[in-house]
Structure formats: C-alpha cells, structure tokens
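Trainee: Protein sequences, first through last, are from chains A and B.
Sequential numbering of the first sequence, starting at 1, is according to UniProt numbering.
Sequential numbering of the second sequence, starting at 1, is according to UniProt numbering.
C-beta: ideal position from N, C-alpha, C; glycine also.
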Amino acid sequence: MGTLQSSPAPSEYADLSEKTGFSFEQIGVLHKRFRHLSHNDNVLRKEDFNGIPDLASNPIRTQIVEAFFDQRNFSKDGDGKVDEIGFEEFLVVMSHFRPPSLPMTDEQRDSVRKEKLRFLFNMHDSDNDGMITLEEYRHVVEELLSRSGALGKETAKGIADAAMLEVASISVGHMEPDEFYEGITFDHFLKLLATFEIESKMSVRFLNMDTITLCK
Amino acid sequence: MFWRRAAHGRVGFRRSLPELGLLLLATLVLLEGSVLPLGAASSPETGITPGAGVSHGHADKNHSETKHKKPFPVLGLNYDSVKTPFEISLWVLLASLMKLGFHLLPRVSSIVPESCLLIVVGLLVGGGIKLIREEVPPVLDTKLFFYCLLPPIILDAGYFLPIRPFMENLGTILMFAVVGTLWNAFFVGGFLFAVCQIPHASLSHIGLLPCLLFGSIISAVDPVAVLAVFEEIHINELLHILVFGESLLNDAVTVVLYHLFEEFSEAGTVTVLDGFLGVISFLVVALGGVLVGAFYGFVAALTSRFTYHIRVIEPLFVFVYSYMAYLSAEVFHLSGIMALIACGAVMRPYVEANISHKSHTTIKYFLKMWSSVSETLIFIFLGVATVEGPHQWNWVFVTATVILCLVSRVIGVVGLTFVINKFRMVNLTTKDQFIIAYGGLRGAIAFSLGFLLDIEHFKDMREIFLTAIITVVFFTVFVQGMTIKPLVELLAVKKKQEAKRSINEEIHTQFLDHLLTGIEDICGHYGHHHWKDKLNRFNKKYVKGFLIAGERSKEPQLIAFYHKLEMKQAIQLVESGGGSKLPSAMPSTVSMQNIQPKNQPPPPKPTERALPQLTKGREEEIRKILRSNLQRTRQRLHSYNRHTLVADPDEEGFQDIILKKQKMMELDRKIKEMANYLSVPSHPKDSPTMSRARLASDPQAYNIKLPAGGVPTIQVDLASPQSPDSVNLLDEIGKAEQKEDSGLMMKPPESNGPEKAGEKDGWRDQQKLTRCLSDPGPGAEEDEDEPFLP
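Structure representation (structure tokens):
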C-alpha cells in the first residue's frame, strides 16, 4: 500500500479524537484501514466488507456488517439504516470497542457498560422496536449455530426458548399464566448481563495495529 | 480409675478422634517395634508357633537334619513380608483420619488452614516415633515424593484447569513464572552470598554458586501449598489463576536453574556460554515438556474414541497416559509438571466428549481423592521430616533467607506488575498485587529439592540449607497461610462468584467472541481473537473429527453446553425427589407459556371465555406430576434406583433423546396447524406418548390450554411401569383410544364439544395420585370430592 496520499490534518483528528476517545495514532491507523477497505473512496458500503476474506467464515458477519450501518450506533437518537458511511461513523462504531481507560470511577464504568451493552442490544434488536422478541433471539442463536445444519435449527429454538425463559425469570419473576412476556427490554438486558464484565471483555486492542497486512 | 477414664473418653467423643489416630499409630508402632526383633529371629524359620508344646520343635530342628518334619503351624506371625505395604497403608489411614478429624472441629479449621494442622500432626507423629524408636523413617524420600505424591496433585490441577482464564492471562502468568522466579533466585542468592561474607557468621565456606543454587530452590512458588491455602479463601478467579498458574509454570525455570547451578557448583565457574546454553536449555525444558504432554494427551484422546464397548477402563487410560507423560518428561530431564498439565488440558475436551458420564464422575472423584490424600501426606511428611533433620541452625542464614524471600517477592511482583499493566486490558490493582505477593508460598517441592542435594558436594552446606528451607516453608505456610484469610476479608478483595453459568451468558460469550473476531478482521488486525478463532476452526474441522467418536464430533459448543444444562436439570429433578418443585436458580412463576407468542386468533367473545382457566398453581401441579411420573417411568424402565442417574446419558440414550425431540417438534407443528382453526383456544392434540416424550427431554413445561369444555382430563396411572407403550414413542399418534394400562396418558380432547364425562373421575384420580406421590399437592382448599371447577 505505499505512501499516504493525503493524510488528514491533525486538526480533524483532534475533533474525532475528542468525540471517540481514540488517540491520534490510532485514528491514523484506522483511517488507513478505512481507505483500504473503501478503495480510497470517502464512503464505505456494505459490499466493501465482502472483500475481507476472514470475515466470510464468521457466523454472525451479516449482523456485524449491519451494525456498521445502523444509525442507532452513531448517536443516541439515531434511527434507521444507511447505505454508506463515512470515516467518522466508522470511527464511532469502532469506539464502542475501545478498551476502558483506567482508572475509572464507578459512574464512568457504568456508562461504558451501558454504551457497550447498548451496542449489543442494537445488534440483536433488528427491527428497532426497543425490545428483543423471541423471534429475534431465536434468530441470534440460529446464526450462532448456523454451521451445524439441521440439528442446529431445532436445538437453536430450544436454546433460545430456554434463554428467554431465564431472562423472564430473572427480570420479571412472577407472571400470570395469561400474561405474555413481550421481549427483552434494554433494562432487562442490562440486568441479565450484570455479571458479565463487559467493559473489559468487549474490547479490541487498538494499540499495535498493523493494518497493512491484511489485503485481499 | 481406668473405667472412669474410659467413660470420660466416651463422653468427649469428638475430641478423641484425632487423638484416636495418634493412639492407633502409636500402638502399631509399638507393636512393630516389639515385633521386629521377633521377626528377625524367626525369619530363618517359617514362623513362630505360639502353641504351647511346640516350641521344642525349633530346638529339634537345629539338631536333627532336614528330614525331621516339624508340626504344621496353625497360627503364624509374619510381619516382615507385609511391612512396607502395611506401613504405607497406615500412613494413608492416618492422613485420612486426620482429614476427617479436622472437619469435625469446625472452629479450629476455620482459623487455621488445614495445611498447618497437618504439619503439626506430622511434627507430633514424628516426635512420637522418634521418642519410641530413636529414629524416624525417612518418609520424605525424594523418589516417593516426585513419583508418587506429586503427580496426582498436578494432574488434578491440570485436568480441571480452567482453560479460558488461563489462556487469557497467559502472558501475565508467564511473566510472573519465568521472570519473577529468575529475579527471586538471583536476588536471594546474590544477597545471601553477601550475607555469608559477614565475618563472624561462620558462613564463609558457602560460595556464590551454592548460594545461587539455594536461591533457585527457595524461589519457586509451590503449587501444593498454594492450592491448599487458596482453596479455602475463595478469592476471585483472576487472582487464583494468576498465582496458581505461576506456581505450575515456574517448574521449568526451577528445573533448569537447579541443574545449571548444581553442575556448575562442582565446576566452580560459570561462563557466558554456559549462561547462553542455560537459556536454550530452559526453552527446551519448557517446550519439550509441553510437547511431550500434548503428545500423550492426543494419544489418550484417540484411545478414548474407541472405548465405546469397554467403558470400565476409560478412567484408567486417562490416569496411565498422564502418568507416562510425566515419567517420559522426567526421563529427558524435561519439566514433568508442565508435561502433566499439558497432557491433562489437551486431552480433556476430547476425552469428555467420548467417555460415558459415569467414567467422567469416576475420573473426577479419583483425581480428587488421590490429590487430597497426596496433599495430606505431603504435609504430614513435612512435619515428620522436620523432626528427623538433619539440622544445623544458623541464625544469620535463616533470618536472612526469610527476610530476603519476602522482600524479593514483593519487589518482584510490584516491578513486574508495573510492566505488565502496560499490556493488559484489565490492570492489576494494588490489592491484587498484594495478594499475589502474599500468596507466594513455598512448600514441599523446595524441601525435596534440597534433600536431593548431593551430600558429598555440599558437605557442610546441606544441613544449613535444609534448615533454612524448612524455616521458610513453615513461615510461609503458617504465618502467611493463616493470615491470608483475614487479610482478604480486611482488604475486601473480590471473592469468587458462585453464580452458575447461565445459558444467556454462554450465548453472549460465544456471540462476543465472534463479534470481536469480526471487528479485528475489519480492522485488519491479527489480534488475540483472530488467532483464537483460527485455532477453534482448525480444531473443529480436523482435530475433533479425528479424536471424538460419532456424532458428538460435530456438536458445537453451545449445543453441548445446553445439553449439559438440561441433563443437570433432569438429574436435579430426580434427586430432589421427583415430586417436588424443580429447583431453579430464581424462584419465579414464569413458564414457557408466558413467552410463547400467541399465534392463535384472539378469543372472540367474553362468554365463551368465561370458562375457568387453570390457575397457575394448579397448572404447576399438573406439570409436576406429569414430569415426575415420566421420570419415574423411565427410571423403572432402566431399573435404576433413585440415587443413580435417570436417563442413562450414554451416547445411545443421548442420540435418542435428540432424535425423539426432533420428531416431536415436527409432530407438534403439524398438530398445531390442525388445532389452529378452532374457535376457542384449544390445547394441542397430544397423544400420550408424545407428551410423555416431550416432558422427558424438554425443559419446556407442558403448554396447557383448556379445551372448550373444561378441564384437561389427566388420568395418571402409576400401576404399570413396564408397559411397552412408554417406550414406543411415535406409534400412537392418531390413535384416539386410551390405554388404561399405560404409565401416563392424556385423553386427547375431541375436536369439538366439551367433554364432561370423564372430568370428575379424572380429577379425582389425579387427586389420589397426588397424595400417592407425596407431592406438596394442590392447595389446601381442595377437597378430594369436589370437582375441579371452583
């Protein structure tokens, strides 16, 4: 990949850095990667992701790619999907995976957790109605088991059902027989993964990235 | 007076148990002591006959020739030939009785960790034996220790090593193990040499290399001691795996340093080349050990693939292959401990997929049993060996050693953490560092290595070294071991989370793994997740198919986890008595019904819905009864008693369950379609066997919706267990008739019109049955004679 054509000025980086929390070097590295993926274009489209060979064997690749084009992940009030994203949105999505900068106060930790769990929630909640219904959850499990063939489908249903039951038991506790548990709301989701330590688990090391290595 | 004392002893029964052990040992030792001279005398003859008029036979024998026939010995005494196994058994018995005794004294064992108590017992026993016989048997024989006592503990640790946290923290663990131990060794050795140069300490004969050798012996954190102490304090997983992992992996360093310095102590000098070779040797030792272990692990996994027909010897393969890995590594002077860990960790996922549930339980219990006895014995022997000596107490040396060990550990941990935190995602706090430093206990391995020192080459030094080692071991085990628990409480260190792994967490763990791998791929970064994912895929594609028998090889992890969970629930259900409520983590009344989306058309008129619905409690009862009956039926089918597993979770049974479930779901769907077009919510037409099967294998509670007419009629009949109907699943679909003899059945509701005929009877029967099953039963407001309808 040769030299940098037009490296964006550090002033732009300052803006982005403040918004997303990445350092300048990290932003530079990610920018290089963005340009590589988008073939030196300013915007990234869904088809560009198909060029990554390793992603093809990932069972949840569609959901991952969708997450990049989901406006809910760009800002708090976003809604709907877009077809192409710029570098800023790319960076914002990536910033969800930034490792937590220590030391953190408890509120900081809480807000980081909420942010990351919100990202996950948005990935599951594909129809954007604010809750993960049984169908959506089943879809998630099916995708995870998508490479196990027919056996996977039936068991996926069973697993999703059992998981849903668990969520309902934890969150709601007591329900009458004719009540219907609509779906997992964000609060229930938070409660469910309360012990999961997501702030440290959901992070990628952006430190020593060598993005030039992976070429098609 | 004697009687009174005995009576008193009987009253204070609890206190006498440890004393009982000691008494037992003392008497047997005395017996042995007294028998020994007799044995020596009688060994030329065949045996002593305590019979009265026969002793002259011996005298005769001496005079006459061999032709004289001596009388047949009715009762003989020959202790010599069983001496060794007998003594070994005595020791093991003592160890086990001690363990038993401690748990009867809860107050003491909550203050003092078990390891301390055991050392004290060892001291007492050693003292006792010394008093009686003037010499103590050399129990902590190096061969015995390294080939018999240590392997079970290490295998237990390696087989049950939690792989995920271990791999996640591998860098940190290696840093502590390798760099930390090196630092400790050189620091302690170097400063001790300086101390030895002090004029009037009478230590000037100890050269630099022996000091370094001593440093390398004493610097290694001991896995046995760490296990013993940390097991009781229940700290969080991260700290536990850090200290424990370090204690396991520093074996390679210790081995290399020990051999290095031992060789060169004789030569007297060390050149740079030797140092360089030492580094190479370290790599060879460590990696070689791991490779040997991994090799044996794979062979074991492959062997377990074919044990389908002879399940009984499956545990044996696990043990023997592991032990051979250890011994093979020792042959080449590689790290036996690392070989053992690698073997256990490598073979476990494949072996567990292949072996039966009972073999798994056997392996678990045998490993726990052996490692527990080994650990106990090691501590007792430490105590005995302390009494035995040889000792040479040198104030300066000993105190310097203790202080230096502590100081070097603290400095090492702090310094290393500073470096490590730059590379970690979750930093180690000061509290963590303190616990890691404080948890660096020394133990029996150091002592055995000291014992191994050649007496010739280390003439005057060996005793000093041994004394110092024992002192450090005592100090760490007693002082640090006893105080770490209150310190953990004081510092409010995070404790181990007891929560069970839920299915949601498992789903999300997997989801996150894939997500992070995807993100790494998008960034173009070959990070941890990328390689982990590659390894997993390689594993799934090639290795699993090769090493795991049958269908299980294709089972993804999530499904395996789910099945394990279901099995656990089923077992729990049986063990809890079958009739009582299924114990669940969260007491809740949510059932599957609440979650399933309503796909029937909405109920049209209020009048039709004025029919009584099953209340929650009633429904639960029915479900419980059905489930319990199902379990009992299957129990009887397999003719187990209630204390063994219900569904024999062997491969065949497992596959059957899955198959049945699949077919069930298809039928379920078909029937739902049929039932969809009724004007009122009706419950799906289930044949008896189908409902039975569903309840058996599915944690889904039975989904009961009322038919138009009224209650579901459930006639439950426990009378006939072995009906073939309960096995034949799918033949009964579509048969409308009821079989009176079947173990369980549901009267399928007719598609139109309510049924009133069998209502009352059905419910009464059920009531009777409820009592029979000694259920908690329906609420008190019910009478047997009243119909179900309120």
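(1) Using a Cβ-Cβ cut-off of 8 Å, state whether LEU558 of chain B counts as contacting chain A.
(2) By Cβ distance, which residues of its chain are closer than 7 Å to GLY288 of chain B, with the 5 residues on each side in sequence left out?
(3) Please report the straight-line C-alpha distance between HIS529 of chain B and VAL167 of chain A, rounded to a whole angstrom.
(4) Listed from N- to C-terminal order along the chain, which residues in the region 63–90 of chain A have their beta-carbon within a distance smaller than 7 Å of any beta-carbon of chain B?
(5) Jot down the residue ranges of each uninterrupted alpha helix (DSSP H) in the region 49–94 of chain A, minimum 4 residues, whole runs only, in chain order.
(6) Check whether chain B comes within 8 Å of PHE196 of chain A, counting only Cβ atoms and requiring the distance to be less than that.
(7) Is it buried or exposed, TYR365 of chain B, if we count other Cβ atoms within 10 angstroms and call 16 or more buried?
(8) With a floor of 4 residues, list each alpha helix (DSSP H) that falls wholly inside the region 406–452 of chain B, ordered by position along the chain.
(9) Which class does ILE313 of chain B belong to by DSSP, given the choice of helix, strand or coil?
(10) In the region 495–519 of chain B, which residues sit with their C-beta less than 7 Å from some C-beta in chain A, listed in chain order?
(11) Less than 8 Å between the CB atoms is what I'm expecting for residue 794 of chain B and LEU117 of chain B, so what's the real figure, rounded?
(12) Using Cβ-Cβ distances below 8 Å, what residues of the region 152–163 of chain A are close to chain B?
(13) Please look up how many angstroms separate the CB atoms of LEU149 of chain B and SER374 of chain B, rounded, as I've assumed it's under 8 Å.
(14) Using a Cβ-Cβ cut-off of less than 9 Å, list which residues of the region 519–543 of chain B approach chain A; keep chain order.
(15) For a contact meaning CB atoms closer than 8 Å, what does MET461 of chain B contact in chain A?
(16) Closer than 8 Å between beta carbons: that is the criterion. Which residues of the UniProt domain "EF-hand" (112–147) of chain A meet it against chain B?
(17) Could you check the C-alpha separation between ILE198 of chain A and LEU174 of chain B for me, to the nearest Å?
(18) In chain B, which residues lie less than 7 Å from GLU166 of chain A when you measure between Cβ atoms?
(19) What is the DSSP secondary structure of MET131 of chain A, reduced to helix, strand or coil?
(20) Could you give the residue range of the alpha helix (DSSP H) that holds CYS343 of chain B?
(21) Looking at the unbroken alpha helix (DSSP H) that takes in MET123 of chain A, where does it start and where does it end?
(22) Which residues in the same chain have their Cβ closer than 8 Å to the Cβ of LYS598 of chain B, if we skip the five residues on either side of it in sequence?
(23) Please state if the CB of ILE159 of chain A and the CB of LEU91 of chain A are separated by a distance shorter than 8 Å.
(24) What number of angstroms, rounded off, separates the C-alpha of PRO113 of chain B from the C-alpha of VAL229 of chain B?
(25) Looking at C-beta atoms only, is the number of pairs between the region 186–195 of chain B and the region 398–410 of chain B that lie closer than 8 Å three or more?
(26) Please list the residues of the region 417–439 of chain B that have a C-beta atom closer than 7 Å to any C-beta atom in chain A, keeping them in chain order.
(27) Could you tell me the boundaries of the alpha helix (DSSP H) in which GLN510 of chain B lies?
(28) Indicate whether ALA252 of chain B and ALA286 of chain B have their beta-carbon atoms separated by less than 8 Å.
(29) Can you tell me whether DSSP reads ARG35 of chain A as helix, strand or coil?
(30) The ligand SAH and LEU516 of chain B: does any heavy atom of the ligand fall closer than 7 Å to the residue's C-beta?
(31) State the start and end residues of the unbroken alpha helix (DSSP H) segment that holds GLN197 of chain B.
(32) Could you tell me which chain B residues have their CB closer than 9 Å to the CB of MET202 of chain A, listed as they occur along the chain?
(33) Quick check on ASP15 of chain A: buried or exposed, where buried means 16 or more other Cβ atoms within 10 Å of its Cβ?
(34) Count the other CB atoms, across all protein chains shown, that sit within 10 Å of the CB of TRP183 of chain B; report buried if there are 16 or more and exposed otherwise.
(35) Pull the bridge partners of ARG45 of chain A from the DSSP assignment, please.
Mentor: On the basis of the supplied data:
(1) Residue numbering aside, residue 558 of chain B sits at position 558 when the second sequence is read from its first letter. Yes, LEU558 of chain B counts as interfacial toward chain A.
(2) As a working note, residue 288 of chain B is residue 288 in the second sequence. These residues qualify, in order along the chain: PHE332, LEU334.
(3) For the purposes of this step, residue 529 of chain B is taken as the residue at position 529 of the second sequence. For the purposes of this step, residue 167 of chain A is taken as the residue at position 167 of the first sequence. Going by the C-alpha atoms only, they are around 28 Å apart.
(4) So the close ones are ILE64.
(5) Complete alpha helix (DSSP H) runs here, min 4: 61–68.
(6) For the purposes of this step, residue 196 of chain A is taken as the residue at position 196 of the first sequence. For PHE196 of chain A, the answer is yes, since a Cβ of chain B falls inside 8 Å of its Cβ.
(7) In the second sequence, counting from the first residue as 1, residue 365 of chain B sits at position 365. Exposed: under 16 other Cβ atoms inside 10 Å.
(8) Counting only runs of 4+ residues, the alpha helix (DSSP H) found wholly inside the region 406–452 of chain B occupies 430–438, 444–452, in chain order.
(9) The count along the second sequence starts at 1 and reaches residue 313 of chain B at position 313. DSSP places ILE313 of chain B in helix when its eight states are reduced to three.
(10) Under the 7 Å Cβ criterion, the region 495–519 of chain B contributes GLN497, ALA499, SER502, ILE503, ASN504, GLU505, ILE507, HIS508, GLN510, PHE511, LEU512, HIS514, LEU515, LEU516, THR517, GLY518, ILE519.
(11) The question about residue 794 of chain B has no answer, for chain B in this structure spans 1 to 790.
(12) Those residues of the region 152–163 of chain A that come within reach of chain B (Cβ to Cβ, closer than 8 Å) are GLY152, GLU154, THR155, LYS157, GLY158, ILE159, ASP161, ALA162, ALA163.
(13) Taking the first residue of the second sequence as position 1, residue 149 of chain B is located at position 149. Taking the first residue of the second sequence as position 1, residue 374 of chain B is located at position 374. Right, the Cβ-Cβ distance comes to about 5 Å (below 8 Å), so this counts as a contact.
(14) ILE519, GLU520, ASP521, ILE522, CYS523, GLY524, HIS525, TYR526, GLY527, HIS528, HIS529, HIS530, ASP533, LYS534, ARG537, LYS540: these are the residues of the region 519–543 of chain B whose beta carbon lies less than 9 Å from some beta carbon of chain A, given in chain order.
(15) Against the second sequence, residue 461 of chain B aligns to sequence position 461. Under the 8 Å cutoff, chain A gives no residues; its nearest Cβ is about 48 Å from MET461 of chain B.
(16) Answer set for the UniProt domain "EF-hand" (112–147) of chain A: LEU120, MET123, THR133, LEU134, GLU135, VAL140, VAL141, LEU144, LEU145, ARG147.
(17) Taking the first sequence and counting its residues from 1, the one referred to as residue 198 of chain A is at position 198. Taking the second sequence and counting its residues from 1, the one referred to as residue 174 of chain B is at position 174. Looking at the backbone, the Cα of ILE198 of chain A and that of LEU174 of chain B are separated by about 25 Å.
(18) By one-based count along the first sequence, residue 166 of chain A stands at place 166. Within 7 Å Cβ-Cβ: SER502, ILE503, ASN504.
(19) Residue mapping note: residue 131 of chain A aligns to position 131 of the first sequence, counting from 1. Three-state result, MET131 of chain A: strand.
(20) Working through the second sequence from its first residue, we reach residue 343 of chain B at position 343. Bounds of the alpha helix (DSSP H) holding CYS343 of chain B are 336–354.
(21) As a first step, residue 123 of chain A is located in the first sequence; it is residue number 123 there, counting from the start. Counting along the chain, the unbroken alpha helix (DSSP H) around MET123 of chain A starts and ends at 106–124.
(22) For the purposes of this step, residue 598 of chain B is identified with residue 598 of the second sequence, where counting begins at 1. With a pLDDT of only 49 at LYS598 of chain B, under the threshold of 50, the placement of this residue in the model should not be trusted, and no figure is reported.
(23) Counting from 1 along the first sequence, the entry for residue 91 of chain A is found at position 91. Counting from 1 along the first sequence, the entry for residue 159 of chain A is found at position 159. Against a cut-off of 8 Å, the Cβ pair of ILE159 of chain A and LEU91 of chain A comes out as no contact.
(24) The residue you call residue 113 of chain B lines up with position 113 of the second sequence. The residue you call residue 229 of chain B lines up with position 229 of the second sequence. Each residue's alpha carbon lies about 7 Å from the other.
(25) Contact holds between the region 186–195 of chain B and the region 398–410 of chain B, because three or more Cβ pairs, one in each stretch, are under 8 Å apart.
(26) Those residues of the region 417–439 of chain B that come within reach of chain A (Cβ to Cβ, closer than 7 Å) are MET425, VAL426, ASN427.
(27) Your numbering for residue 510 of chain B matches position 510 in the second sequence. For GLN510 of chain B, the enclosing alpha helix (DSSP H) starts and ends at 503–523.
(28) Here residue 252 of chain B refers to the residue found at position 252 when the second sequence is read from its first residue. Here residue 286 of chain B refers to the residue found at position 286 when the second sequence is read from its first residue. Cβ distance < 8 Å, so ALA252 of chain B and ALA286 of chain B count as in contact.
(29) What you label residue 35 of chain A is simply residue 35 of the first sequence in a count that begins at 1. If DSSP states are grouped into helix, strand and coil, ARG35 of chain A belongs with the helices.
(30) Looking at this structure, you won't find the ligand SAH or any other ligand, since it has none at all.
(31) Within the second sequence, the letter at position 197 stands for residue 197 of chain B. Secondary structure note for GLN197 of chain B: it is in no alpha helix (DSSP H), with a DSSP letter that is neither H nor E.
(32) For the purposes of this step, residue 202 of chain A is identified with residue 202 of the first sequence, where counting begins at 1. Under the 9 Å cutoff, chain B gives LEU512, LEU515, LEU516.
(33) Within the first sequence, residue 15 of chain A is the residue found at index 15, counting from 1. ASP15 of chain A comes out exposed.
(34) The residue labelled residue 183 of chain B in the question sits at position 183 within the second sequence. A residue is called buried when at least 16 other Cβ atoms come within 10 angstroms of its Cβ; TRP183 of chain B meets this threshold and is buried.
(35) Stepping through the first sequence from its first residue, residue 45 of chain A is reached at position 45. Per DSSP, A:GLU84.
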